[in-house]
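Residue numbers (our numbering), protein chains in the order written: chain P, 783 to 858; chain H, 66 to 212.
#1: Quick one: what does DSSP say residue 827 of chain P is sitting in, helix, strand or coil?
#2: Using 8 Å as the Cβ pair cut-off and three pairs as the minimum, do the region 166 to 184 of chain H and the region 115 to 123 of chain H touch?
#3: Can you tell me the Cα-Cα spacing of residue 819 of chain P and residue 199 of chain H, whole angstroms?
#4: Could you tell me which of P:785, P:828, P:835, P:853 sits nearest to residue 799 of chain P, measuring between CA atoms?
#5: Evaluate residue 135 of chain H with the Cβ neighbour count: other Cβ atoms within 10 Å of its Cβ, from every protein chain shown; 16 or more gives buried, anything less gives exposed.
#6: Given that residue 850 of chain P touches chain H, what residues does it touch there, using C-beta distances under 9 Å?
#7: Keeping to the same chain, check which residues put their C-beta closer than 7 Å to that of residue 792 of chain P; ignore five residues upstream and five downstream.
#8: Which of the residues in the region 164 to 193 of chain H, read from start to end, lie with their CB under 7 Å from any CB of chain P?
#9: May I ask you to verify whether the region 158 to 167 of chain H touches the region 135 to 150 of chain H, counting CB pairs closer than 8 Å and requiring at least 3?
#10: For the beta strand (DSSP E) containing residue 196 of chain H, list its first residue and its last residue.
#11: List the residues of chain P that residue 122 of chain H touches, going by C-beta distances under 9 Å, in chain order.
#12: Quick one, which of H:93, H:179, H:164, H:188 has its alpha-carbon nearest residue 126 of chain H's?
#13: Check whether the region 70 to 89 of chain H touches the region 838 to 847 of chain P, counting contact only when three or more Cβ pairs, one atom from each stretch, lie closer than 8 Å.
#14: Would residue 850 of chain P and residue 831 of chain P be called neighbours here (beta carbons separated by less than 8 Å)?
#15: What are the start and end residues of the alpha helix (DSSP H) that includes residue 850 of chain P?
#16: On the DSSP bridge assignment, give the partners of residue 145 of chain H in chain order.
#17: Compute the Euclidean distance between the alpha carbons of residue 804 of chain P and residue 839 of chain P, then round it to the nearest angstrom.
#18: Which value, in whole angstroms, describes the spacing of the CA atoms of residue 197 of chain H and residue 112 of chain H?
#19: Would you list the residues sitting across from residue 186 of chain H in a DSSP beta bridge?
#20: Taking a Cβ distance cut-off of 7 Å, strictly less, list which residues of the region 785 to 797 of chain P are near chain H, in chain order.
#21: How about residue 858 of chain P: is its C-beta nearer than 8 Å to some C-beta of chain H?
#22: Which residues in the same chain as residue 90 of chain H place their Cβ atom closer than 6 Å to its Cβ, once the five residues preceding and following it in sequence are excluded?
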């Protein structure tokens, strides 16, 4: 999974391999490990892309799914 | 039609020369080059992060809409990512159409989109540290002009 912008600064990492059957389970795992990151990932304007497609709500994951958390985009 | 990202500095003049070649029926090419500002020393460097693949695809969707809306023959967009020093080009947009109005307007529209909505995350490095930047209200207002 991938973190962008301020999310990767907050977490102290950018790219990790984490196994989880669902996006919701992944969120819980991350929040248990790092409470402030868990809150930030659920924060306003943070979108999730699965294999580069924006999704809303929960979704199943497999070991090859690329999960990206995208904070509000700033433009160039 | 091209949408590309680059970590390397680029020469907008060379891009314009390349883009303008072999266009016997085009009639009009408009370009815009955005350059990183020093803000009187407040910005030591600009840092832009993209999501490779996703960022180009998202920009491409809007560029395709612009092509249809303004009747463009072609477009080229090149955007820097990584650390950018003041004075270096950040973005280059070129549009080609049969007549100037379409080329100008499409270029203007694409820049308003790129400055407010495109999937980049921007950090300004100053003398007192770095901060993440969100779009300015003016950037959103500029985009609304096209609704």
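From the three backbone atoms N, C-alpha and C, an ideal C-beta is built for every residue, glycine too.
Quick answer:
#1: As a working note, residue 827 of chain P is residue 45 in the first chain. Residue state, collapsed to three classes: coil.
#2: yes
#3: Translated into positions along the first chain, residue 819 of chain P becomes position 37. Translated into positions along the second chain, residue 199 of chain H becomes position 134. Roughly 19 Å separates the two Cα atoms.
#4: Here residue 799 of chain P corresponds to residue number 17 of the first chain, with the count starting at 1. When each option's Cα is compared against that of residue 799 of chain P, the closest is P:785.
#5: The sequence position of residue 135 of chain H within the second chain is 70, counting from 1. Classification of residue 135 of chain H: buried, given that the 10 Å Cβ count is 16 or more.
#6: As a working note, residue 850 of chain P is residue 68 in the first chain. What residue 850 of chain P touches in chain H: 116, 119.
#7: By one-based count along the first chain, residue 792 of chain P stands at place 10. Same-chain partners within the cutoff: 818, 819, 822.
#8: 179, 180, 181, 182, 183, 184, 185, 186, 187
#9: yes
#10: Taking the second chain and counting its residues from 1, one reaches residue 196 of chain H at position 131. Looking at the DSSP string, the run of the beta strand (DSSP E) that includes residue 196 of chain H is 194 to 198.
#11: The sequence position of residue 122 of chain H within the second chain is 57, counting from 1. Here the neighbours are 834.
#12: Taking the second chain and counting its residues from 1, one reaches residue 126 of chain H at position 61. Residue H:179 is the option with its Cα nearest to residue 126 of chain H.
#13: no
#14: For the purposes of this step, residue 850 of chain P is taken as residue 68 along the first chain, with counting starting at 1. For the purposes of this step, residue 831 of chain P is taken as residue 49 along the first chain, with counting starting at 1. Result yes, Cβ atoms of residue 850 of chain P and residue 831 of chain P sit closer than 8 Å.
#15: Working through the first chain from its first residue, we reach residue 850 of chain P at position 68. Where residue 850 of chain P is concerned, there is no enclosing alpha helix (DSSP H), although the beta strand (DSSP E) it sits in stretches over 849 to 852.
#16: Stepping through the second chain from its first residue, residue 145 of chain H is reached at position 80. Per DSSP, H:71.
#17: In the first chain, the residue the question calls residue 804 of chain P occupies position 22. In the first chain, the residue the question calls residue 839 of chain P occupies position 57. Looking at the two C-alpha atoms, the distance is approximately 11 Å.
#18: Counting from one through the second chain, the residue named residue 197 of chain H turns up at place 132. Counting from one through the second chain, the residue named residue 112 of chain H turns up at place 47. Rounded to the nearest angstrom, the two C-alpha atoms are 9 Å apart.
#19: Locating residue 186 of chain H in the second chain gives position 121, counting from the first residue. BP columns for residue 186 of chain H point to H:114.
#20: 786, 787, 788
#21: Position 76 of the first chain, counted from the start, is the residue given in the question as residue 858 of chain P. Interface residue, yes.
#22: Taking the first residue of the second chain as 1, we reach residue 90 of chain H at position 25. Nothing meets the Cβ criterion.
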